[in-house]
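Student:
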Amino acid sequence: MNYRHAYHAGNFADVVKHVVLSRLVEYLKQKDKAFRVIDTHAGIGRYDLSSTEAQKTGEWQGGIGRLIDAPLDAKAAALLAPYLDVVRSLNPEGGPNPKVKKYPGSPLIARQLMRKQDRLSAVELHRDDAAKLKVLFAGDFQTRVIELDGWLALGAHLPPKENRGLVLIDPPFEEQGEFGRLVDGLQKAHKRWPGGIYALWYPVKDRKAVIAFRKALKQSGIPKLLDIDFEIKPPSAEPSLDGSGMVVVNPPFTLEDELRIVLPALHRLLVVEKPADWRMEWLAGE
Ligand code: SAM
């Protein structure tokens with residue numbers, strides 16, 4: 002439990018993950034019926050980009066720092082607006098470049114986009130982080146912060162009583178075997194709630210592990226798996242975060258077309274070194 006997301010908040014991988022999250026929540030809002038978002042590895046919900054941790058890596062400058070003021074074509078701008086509006090709402094003072102001093106984590110993004118009938122379960126195992134999250138959502142009856150192992154939440158908290166919604170699984174990948182836990186966790190969760198939308202985040206760092214992960218998902222028998230691969234650098238000689246990926250299970254029918262507009266726009270802004278590209282592929286269809 003050494004991983005601290007404060008070092009990485011707002012980096013390119015957060016941007017891509019949070020944009021996908023925002024599109025999923027926006028889709029769920031198209032029907033009046035209530036939904037639930039379950040965030041199994043929630044973090045602290047809000048990050049100060051002037052903190053020692055964020056300043057030490059400066060990673061956010063290559064992510065939200067590049068996006069916040071960038072010119073975008075109209076279609077990409079419209080699709081990114083819900084996400085960027087949440088970021089801007091945390092930074093009302095505006096000011097000189099960069100305009101972003103606070104960055105929202107996944108539970109805060111989901112919560113800000115939800116309506117009054119929707120609910121959020123934010124699960125975090127690290128005691129200090131869970132405590133911060135409880136302070137952030139204190140008095141918010143739509144949000145439940147749970148100090149718990151996120152992998153256990155995939156059993157105990159599924160299916161949610163709304164029987165509609167999204168599970169974000171965003172583990173820290175600080176320990177060996179995280180890809181395996183992700184596949185096992187998804188299989189367990191999907192058995193309990195086959196109709197839920199699941200969004201799984203993974204690093205593109207150890208490419209052999211990524212290939213094995215995709216193969217395991219293909220062999221899992223779980224249908225409707227859309228894989229998003231967003232690489233900002235060519236494969237490095239030493240292990241480094243060359244890119245990030247997301248697998249979305251039961252994606253809304255709108256998601257693929259939306260991401261074909263948004264991902265190239267993000268890639269143009271966030272790429273560090275070419276050749277590097279983004280890609281989307283169905284690991285399993287219907
Ligand atoms: N989802 C967050 C976001 O996008 O803003 C970032 C989450 S960060 C990548 C991973 C988080 O998982 C860390 O806050 C870490 O403390 C927490 N964590 C580590 N192991 C966990 C576990 N077994 N269950 C729940 N949370 C865990």
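Be aware that the sequence shown starts at 2, since it is given in my numbering, and climbs by one per residue.
We put the beta carbon where it would ideally sit given N, CA and C, even for glycine.
In the structure shown, what three-state DSSP assignment does F13 receive?
Tutor: On the sequence shown, residue 13 is found 12 positions in, with the first residue counted as 1. In the structure shown, F13 sits in a helix (DSSP, three-state: H, G or I).
Student: I'd like to confirm the pairing. Which residues does DSSP put opposite I110 in its beta bridges?
Tutor: Taking the sequence shown and counting its residues from 1, the one referred to as residue 110 is at position 109. Per DSSP, none; premise fails for I110.
Student: Suppose you measure from the CA of D130 to the CA of G44; what does that come to, to the nearest Å?
Tutor: Locating residue 130 in the sequence shown gives position 129, where the first residue counts as 1. Locating residue 44 in the sequence shown gives position 43, where the first residue counts as 1. Going from the Cα of D130 to the Cα of G44 covers about 6 angstroms.
Student: Report yes or no: do the region 157-169 and the region 48-55 share at least 3 C-beta pairs separated by less than 8 angstroms?
Tutor: no
Student: Assuming Y4 and W61 make a contact with CB atoms under 8 angstroms, what is their CB distance in whole Å?
Tutor: As a first step, residue 4 must be located in the sequence shown, where it is residue number 3. As a first step, residue 61 must be located in the sequence shown, where it is residue number 60. Contact between Y4 and W61 does not hold, since the beta-carbon distance rounds to 17 angstroms and is not under 8 angstroms.
Student: Enumerated in chain order, which unbroken segments of the alpha helix (DSSP H) with a length of 4 residues or greater are wholly contained in the region 55-89?
Tutor: 65-68
Student: Taking 7 angstroms as the cut-off, does the CB of E125 come closer than this to any heavy atom belonging to the ligand SAM?
Tutor: As a first step, residue 125 must be located in the sequence shown, where it is residue number 124. A distance criterion of 7 angstroms places the beta-carbon of E125 in contact range of the ligand SAM, judged by its closest non-hydrogen atom.
Student: With distance defined between alpha-carbon atoms, name the residue in L242, A200, E274 nearest to K225.
Tutor: By one-based count along the sequence shown, residue 225 stands at place 224. Out of L242, A200, E274, A200 has the C-alpha closest to the C-alpha of K225.
Student: I believe L256 touches L227 by the beta-carbon criterion, under 8 angstroms. Please report the beta-carbon distance rounded to the nearest angstrom.
Tutor: In the sequence shown, residue 256 corresponds to position 255, counting from 1. In the sequence shown, residue 227 corresponds to position 226, counting from 1. With 8 angstroms as the limit, L256 and L227 qualify as a contact, their Cβ atoms being about 7 angstroms apart.
Student: E176 lies in the alpha helix (DSSP H); which residues open and close that run?
Tutor: As a first step, residue 176 is located in the sequence shown; it is residue number 175 there, counting from the start. Run containing E176: none; DSSP gives neither H nor E here.
Student: Three Cβ pairs or more, each shorter than 8 angstroms: is that satisfied between the region 130-150 and the region 79-90?
Tutor: no
Student: For I170 and L183, which I take to be in contact (beta-carbon distance under 8 angstroms), what is that distance rounded to the nearest angstrom?
Tutor: Translated into the one-based positions of the sequence shown, residue 170 becomes position 169. Translated into the one-based positions of the sequence shown, residue 183 becomes position 182. Confirmed, about 7 angstroms.
Student: Report all residues from its chain with a CB closer than 6 angstroms to the CB of Q113; omit the five preceding and five following residues, and keep chain order.
Tutor: As a working mapping, residue 113 is identified with position 112 in the sequence shown. V87.
Student: Return the chain-ordered list of same chain residues with a C-beta closer than 7 angstroms to the C-beta of S241, the five sequence neighbours on each side being excluded.
Tutor: To locate residue 241, count along the sequence shown from 1; it is residue 240. So the qualifying residues of the chain are K206.
Student: Taking P99 as the reference, which of G66, P253, G178, F254 has the closest Cα?
Tutor: Residue mapping note: residue 99 aligns to position 98 of the sequence shown, counting from 1. Of the candidates G66, P253, G178, F254, the one whose C-alpha sits nearest the C-alpha of P99 is G66.
Student: Under 8 angstroms: do the region 31-44 and the region 112-127 share three or more Cβ pairs, one atom per stretch?
Tutor: Yes, the region 31-44 is in contact with the region 112-127.
Student: What residue range does the beta strand (DSSP E) around E287 cover?
Tutor: On the sequence shown, residue 287 is found 286 positions in, with the first residue counted as 1. Counting along the chain, E287 falls outside any beta strand (DSSP E), and DSSP gives it neither H nor E.
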